[in-house]
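Undergrad: Note that the working numbering has the sequence shown beginning at 68, numbered continuously upward.
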Amino acid sequence: DGTTHFGFRDVELGEKQTLVNEVFHSVAKRYDLMNDLMSGGMHRLWKEAMITALNPPRSDAPFALLDVAGGTGDISFRAAKAAGHGFQATVCDINGEMLAVGRERAAAQHLDHQVSFVEGNAEALAFPDKSFDAYTIAFGIRNVPRIPTALGEAYRVLKPGSRFLCLEFS
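(1) If you draw a straight line from the C-alpha of Val78 to the C-alpha of Gly153, how long is it?
(2) On the three-state DSSP scale, how would you describe Val211?
(3) With a Cβ-Cβ cutoff of 7 Å, do Ala205 and Ile161 count as a contact?
(4) Among Met109, Glu82, Lys114, Thr70, which has the Cα closest to the Cα of Thr203?
(5) For Glu190, which of helix, strand or coil comes out of DSSP?
(6) Let's test the definition: count the other Cβ atoms within 10 Å of the Cβ of Thr119 and tell me whether it reaches 16, buried, or not, exposed.
(7) Below 8 Å CB to CB, which residues in the same chain sit around Ala146 once its five sequence neighbours on both sides are set aside?
(8) Per the DSSP calculation, His72 is bridged to which residue(s)?
(9) I need the straight-line Cα distance from Phe194 to Val168, nearest angstrom please.
(10) What are the boundary residues of the alpha helix (DSSP H) that Ser143 is part of?
(11) Rank Glu82, Phe130, Gly69, Gln84 by C-alpha distance to the C-alpha of Arg230 and give the top, closest one.
(12) Assign Gly187 to buried or exposed, taking buried as 16 or more other Cβ atoms, counted over all protein chains shown, within 10 Å of its Cβ.
(13) Below 7 Å between beta carbons: does that hold for Pro212 and Thr71?
(14) In this structure, how does DSSP classify Gln155 when only helix, strand and coil are distinguished?
(15) Counting C-beta neighbours from all protein chains within 10 Å, is the total for Gly69 16 or more, i.e. buried, or is it exposed?
(16) Taking the alpha carbon of Gly140 as the reference point, which residue from Arg223, Asp200, Ala191, Phe184 has its own alpha carbon closest?
(17) Can you name, in chain order, every residue of its own chain whose Cβ lies under 7 Å from the Cβ of Arg170, other than the five neighbours on each side?
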């Protein structure tokens, strides 16, 4: 199948997902702290800039966001708080532990009516064609073994004229 990058080393393509799963299984409850440490807290400013670029409508107009590799829901929560009542986010992540943390946080912030969580793979999204107004992926594209496949899936599920936003350290 070939090789791909994992951190600062090359690994077999088929091995990457297992390695990524192990990392996120171990950090799910401390993920935001990990981002604070890795970015010196700057990730919070970068995420706000992403939401500004997303510019979700502040009206009752329907707006569907797909937040891929969204794990604990941080991007979706920020977008929901910036948006109007027509906003709906779907957080899609391959890691169930990250999604469980996200569900707890959504309920605690009273956002569970606007943000839903789906376990899934960026390379094989279980959503209909042209079903989302925007697609976000924050600090997640580097963890996808087959990035071109994931980008093809993003294109497939986005409505014509919609937005793709990617935030990454690398």
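Even glycine gets a Cβ: it sits at the ideal position worked out from N, Cα and C. Just so it is clear, the structure is predicted and the values come from calculations on it, not from any experiment.
TA: Inspection of the coordinates gives the following:
(1) 43 Å
(2) coil
(3) no
(4) Lys114
(5) coil
(6) exposed
(7) Ile118, Leu121, Pro123, Leu132, Asp134, Phe154, Ala156, Thr203
(8) Asp77
(9) 23 Å
(10) 141-149
(11) Phe130
(12) buried
(13) yes
(14) strand
(15) exposed
(16) Phe184
(17) Phe184
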